[in-house]
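Participant: First the structure, then my questions, so here it is.
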Amino acid sequence: MPSSSTKAPPDRDDLNDAQRRLVDAALSADTGLFVQSSVPGSGKTYAGSRLAAEYVVRRAAAGVARPTAGLAVTAFNRDAANDLLPEITEWIQWLVHTDATDAGARLTAADADEVIAALRRSSTVGTIDAVLQRVFDDVAPELGFDPDVRVVDGHAADRLHASAFEAVTTDPNLAAAVERLRTAYPQRSDDDDDRVASILETVFKSARDQRWDGREVGRRLREGRDACYPDGPPASLADIERDIRRFDDTDAELRAADLAHAPDAVVDADRRLYAEWGDRIDDLVAVYRAYVAAYDRVTRERNVMSHIDRAYWVARYFDDPECAHRHADDGDHHLVAARRDRLRERWRSRIDLLVVDEAQDVSAGQHAALTPLVTDDARVVLYGDPFQTIYTWRNASPTLFGQAIADGEYLGHQWDTHEVEPATTTYRQRPALARLVNGVFGPALTDDSRGVDPAVGATYEALDPVRDDTDEPHVHVPTFTPTTGATHISNWHNPRDGEGSAGALATYIRGALSAGQFGDPDDCRPIQMLLRGTNQLDAIRDAFETNGLSVGVATPVFAAPLASAVVALFEWLVDPTDEPRTRRLLTASAFANAGEVRETLAPTIEDHEWDVHAAAAAEACDGVAATVLQELATLATDTADRRRQSASALARRVCRLLDPHTDPLGFQPDATPEQRLRVRDALVEEVASLDGADVRFPTVVERLAAIDGTPGDGPDLAVDTAAHDVVFRTVHTFKGDEAGVVALADPAQDARYGTAYRNSVVAHGETLAVCPPDIEDATGASTQALCAYNHGLFAQDTDQSPAQPPSRSSGLRWATNRIRTDDPTATRFAGPAPFAAVAAANRAEHWRVGYVAATRARDHLVVPVERRDEWDPTRSWSHALGSALGVGSDARKMTRSVTVDGSAVLVSENDAPGRSPLDTVPELRPRSSGRPRAAPTQIGDGPRREWLPRFLNPSTFAPLVDDHERYVLDHLLHAQLDTESGDLDPDLGLDFETVPPGRVGRIAHDTIASAVREGVSERTLRQGGDAAMASIEWACRRDEREFGAIPDDERASIMSYLATTILPQFAASALFDRIAAADAVFVEEPLETVVRVDGADVEVRGQADFVLRDGDRWRIEDLKVAFADGTDETDERYRVQLATYRWVLAKQEGVDPTSIDASVNSLGSRVGSVVTVGDEYDGARVAELLERLGSVTSTP
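So this is what it looks like as structure tokens:
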């Protein structure tokens, strides 16, 4: 009978027609395969959960004793899986509380509660990995693992591979083969991992996912080589020409007269390449077999495995009759076989209806593990979108979902009942956004020149939005002109002079947020910034932070001081009775950074000759210090207890000592208790992944210390989204989520970069190949250009800098990433057939990632686009979007209508506050300084001049006015305006050979700015302590991101000069004292305004190194690093710079300029305050200079 409960049913909309048809088909059939190909935002989880709920409700209404038995519902990742039970639960309640189905109407609220309780106990609802873990738990002992085996990923999984590689490199029987491989595949730079180790790991992961043994690996590697030599090694130049025509150009002619080397030399090099390639494959296979054995031994010894391993062993257990026999500890073979049969049948009985959410992301290994558990009597329902397959690098197999749609083949069965129902309705996007996606990415996903992947096997289904359209723009396009002559990709995003992609994006978002163009700012924060990759994250983030936006980025756990303090305590606990070790803990470790440790604990324990136990017994301190001291003594003396505890248990104990909730020692006083507790949990989890039954405590400590030294190699902390204006995520980590406002942070990444031809191994689906080896070739015949193959037979260019045109090829005998020379349709990729297919698949995935990124937005999509008149829509997302949206080379600020996908789309092009020289820079929220931005100012009333600078930098104002003809060209080219200075000091210890003085000065500026931000102490600056060196390292890395690598010897001399000269000078300076005494300190503070000079708008863009506020007075401090004596000309330049800063700050603050002091402080060869300005350089003086600027730039 119907429920009598008065509880209101959950607020649910029923399924749409397409979803309803698939649910009805699956529930009414006895067996079959049912596929819903669903566009983004169509409600895959919503529909799949309804199917699962209706399945158990029908069974419960029919009186089935265990209605949830037979149901399996899986999702790809943990976040999606966490939504499954709540969704299914709400559907069950809705079905029972409404009359939507007869079955639901027959159940009571108590019946629903009972069904839901049973569902929560189910072992077959969760991620695919979670279901496989429950299967593995049943079979682990027979495979040689303990039942509590830990599954790890990331760096913990990498360590398994490192141990396996160490085992093969120390095996004397393999020494010769390993040495030959290292000669053939040398490291490409000192920073690279061992290349042979990387090759073995890549081959292993591909082979394990595909379940290939050593023999099959060898066969496929040889097939890869043979694909490059379809007719075997060449006998003549004509044979090489034949392969060029086969791979690239049917009209190619390889004439001896065009070669720099004799034809015989080229042919001989090619034959040697073929032979040595085969020999190295033999070596690789021999080492690989030992590598697999070592890896499996290590995983059993440590009782640790990866996700790929778990799926592999489940599939092997059920498919390979010998698998369990070889590893079972006891029992006759026939008893093991009988148990395997019983387990197979038990799991098959649990799966009558299998629902797979995000089915396009299932890997070959997961599919193989599920296959023996599902019979052809079951019903299998797949929800997914073939065009959202973006995890092929993580072994997702688009072929599987494609075959399910096209052929009805899945889980090893050819299903007689096979239903496919497209779901094109999207509930996520506004119509304008859906039209944009259809008009830009629809053609891209079906364009052969952009690498259509046959494995996807689907036609594009256009998004059909149901949300209402509005009369406001939902597509936002800040445009910019790329910096002329940029030599590094960071100049594209955030050039030192001018505006880059990130700057345009940041100023637009700030303006649009402040003006409410995205809606209520509090409702749409944080804006999701989606990245294709993280290589340029720092440059992009810098632009946002410069614009006053709070940026959230996942940070390394071991960058947290609390984590480093735990590592320091672990290092001490290796031998806490060792006096030097105790002294180091209390005076020179991360633990000693706490004031209470440094000021109370260290002196107390030093008084007791660094004996922690004696100091505690003497009760020589009180308060927090006494509590910590007692716990340290307990840890130091309780050796037996420490040895019994696991490393993770000891980590929890140490964390209790530090008490992350209250942080009594003050390691992270600015963090919230929740943030510190997240650090604790992540730290304990990482320690657990390093530990194992066979792992000694000193080894765990050594591994921890290695990660603490390079925090980026460790795990990351999740971002606290509530605290930020924008949050950066990669497209891959944000897939499955959505946001009101989404911005594409790096849409200009060229589709032609970063593909297989640069790799040592091509591992893609069924294709597995290792690249040709390096061969001895003193003549260079092997790299002789051969028609369109500029790299000859084989030569890899590992420089992926987009500053250089992409070669897109590594030679005739390896993969390429370019279209065939003889293909006028630009749809066929060059190279040997299997590699051409991989190149096409990689490029197709690039466009699928763009499709996923663009479809994450509900209401607003923001895309920075360069200004240009000619577009190549096949090149990048920004080219495709710029072409579709009609962006040109001119700078426009307007909202306009364009036709996309046959309908009008309203586009805001730079139409936000702050995107025009006429605009006041908008206030997004009260800044920490509480200062509003300056309003525009009118200078002069004459006619508009023929030319005036669009931007004016206070630091170059004086030379531009005083010697206009000399400096105007450098100004226009954004080059540094260098005035005369004295001779360079010969005693600096710097040769400026690669890094000129200006660049060293910028590194010094960044170092000091970082040290001030981080609050590095005077003592640390004087002594070159860890925190000081960290600031120097950060500044050098930032410089190298923009200008390229610094040679090691020059880097060492720069770092030494900063550590021994500049930082001690800064620590001893009056500037340091003023910063320390100030009420508020603003580092690298923008000082900006807009002025109108003779009818033209000029943006004054300055940045003071430090702005200090002390009571009602202000002080501007600029810092110069001098390598020579000053001159009157440079001093006058500094005075004008300071005067302009005072003038702008007074306008921003609305205060009397007399309340502002300003000085230039010099370090290096000239130390002290070298220039100070007062009222003699007031606003009238700046106005006079601006008038002069108007006069010197006029045209007679």
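Residue 71 in the UniProt record's numbering sits at position 71 of the sequence shown; the count goes up by one each step and never skips. Idealized CB from N, CA, C, for every residue including glycine.
List the whole-angstrom C-beta distance separating S449 from T31, where the pair is believed to meet the contact cut-off of C-beta under 8 angstroms.
Facilitator: Contact doesn't hold; Cβ gap of about 42 angstroms is too wide.
Participant: Compute the Euclidean distance between the alpha carbons of A398 and Y274, then round it to the nearest angstrom.
Facilitator: First, the amino acid is wrong: residue 398 is Pro here, not Ala. For P398 and Y274, the distance between alpha carbons rounds to 33 angstroms.
Participant: DSSP three-state call for residue 1197: helix, strand or coil?
Facilitator: What is shown of the chain runs 1 to 1196, which leaves residue 1197 out entirely.
Participant: Opposite S206 in the DSSP bridges: which residues?
Facilitator: DSSP, once it has assigned bridges, lists no residue as partnering S206.
Participant: Classify S809: buried if its beta carbon has 16 or more other beta carbons within 10 angstroms, exposed otherwise.
Facilitator: buried
Participant: Using 8 angstroms as the cut-off, can you tell me whether the stretch 274-291 makes contact with the stretch 124-136, which would need three or more C-beta pairs spanning the two stretches below that distance?
Facilitator: no
Participant: For the stretch 722-729 against the stretch 168-178, do three or more pairs of beta-carbon atoms, one drawn from each stretch, fall closer than 8 angstroms, so that the two count as touching?
Facilitator: no
Participant: From A502, D522 and Q1065, pick the residue whose C-alpha is nearest to that of D538; which is it?
Facilitator: A502
Participant: Could you pull out every residue in the same chain whose Cβ sits closer than 6 angstroms to the Cβ of S889, ignoring the five residues on either side in sequence?
Facilitator: R867, R868 and D869
Participant: Leaving out five residues before and five after V217 in sequence, what residues of the same chain have Cβ atoms less than 8 angstroms from its Cβ?
Facilitator: V203, A207, V285, Y288 and L768
Participant: By how many angstroms is the C-alpha of V1100 removed from the C-alpha of P932?
Facilitator: Because P932 carries a pLDDT of 32, less than 50, the predicted location of this residue cannot be relied on, and the following value inherits that uncertainty. So the two alpha carbons sit approximately 16 angstroms from each other.
Participant: For L988, does the three-state DSSP call read helix, strand or coil?
Facilitator: coil
Participant: In angstroms with no decimal places, state the Cα-to-Cα distance between F835 and L530.
Facilitator: 30 angstroms
Participant: In whole angstroms, what is the alpha-carbon distance linking T1140 and Y1134?
Facilitator: 10 angstroms
Participant: Cα separation between D1026 and I1032?
Facilitator: Rounded to whole angstroms, the gap between the alpha carbons of D1026 and I1032 is 10 angstroms.
Participant: DSSP beta-bridge partners for G552?
Facilitator: V727
Participant: Go through the stretch 436-483 residue by residue and report every complete run of the beta strand (DSSP E) that reaches 3 residues or more, in order.
Facilitator: 475-477
Participant: Between the Cα of Y789 and the Cα atoms of S689, D83, R813 and R182, which residue gives the shortest distance?
Facilitator: R813
Participant: For the beta strand (DSSP E) holding I527, just list the boundary residues, first then last.
Facilitator: I527 to L531
Participant: Any chance you could list the alpha helix (DSSP H) runs of at least 4 consecutive residues sitting entirely within the stretch 852-913, in chain order?
Facilitator: 877-884
Participant: For a test of the three-state rule: what should DSSP assign to H732, helix, strand or coil?
Facilitator: helix
Participant: In whole angstroms, what separates the C-alpha of E463 from that of V437?
Facilitator: The sequence given here places Leu at residue 463; Glu does not occur at that position. Approximately 8 angstroms between the Cα atoms of the pair.
Participant: Per DSSP, which residues does W1114 bridge with? Please list them.
Facilitator: R1109 and I1156
Participant: Anyone know if the C-beta pair for A912 and V838 falls short of 8 angstroms?
Facilitator: no
Participant: How would you label V64, buried or exposed, when you count the other beta carbons within 10 angstroms and need 16 or more for buried?
Facilitator: exposed
Participant: Taking the C-alpha atoms as reference points, what is the distance between L881 and R856?
Facilitator: 16 angstroms
Participant: Measuring straight from C-alpha to C-alpha, what distance separates D1079 and L1071?
Facilitator: Near 14 angstroms, if we compare the C-alpha coordinates of L1071 and D1079.
Participant: So, is Q414 buried or exposed, given that buried needs 16 or more other C-beta atoms within 10 angstroms?
Facilitator: exposed
Participant: Keeping to the same chain, check which residues put their C-beta closer than 8 angstroms to that of R344; ignore five residues upstream and five downstream.
Facilitator: F318, P372 and L373
Participant: Just to confirm, is the Cβ distance from L988 to Y1057 under 8 angstroms?
Facilitator: yes
Participant: I want to know whether the stretch 236-247 touches the stretch 345-353 - three or more CB-CB distances under 8 angstroms.
Facilitator: At 8 angstroms Cβ cutoff, the stretches do not touch.
Participant: Can you list, in chain order, the residues of its chain with a C-beta nearer than 6 angstroms to that of T895? Leave out the 5 residues immediately preceding and following it.
Facilitator: When the five nearest sequence neighbours on each side are left out, the beta carbons in the same chain lying within less than 6 angstroms of the beta carbon of T895 are those of P473, S908 and D911, in order along the chain.
Participant: Classify R394 as buried or exposed, calling it buried when 16 or more other Cβ atoms lie within 10 Å of its own Cβ.
Facilitator: exposed
Participant: In or out: P943 buried (at least 16 other Cβ within 10 Å) or exposed?
Facilitator: Low confidence applies to P943: its pLDDT is 33, below 50, so where it sits in the model is not reliable enough to give any reading.
Participant: For the putative contact between E686 and V567, defined by C-beta atoms under 8 angstroms, what is the C-beta separation to the nearest angstrom?
Facilitator: Actually they are not in contact, since the Cβ atoms of E686 and V567 sit about 10 angstroms apart, beyond 8 angstroms.
Participant: Would you say I88 and L119 are within 8 angstroms of each other, going by their C-beta atoms?
Facilitator: yes
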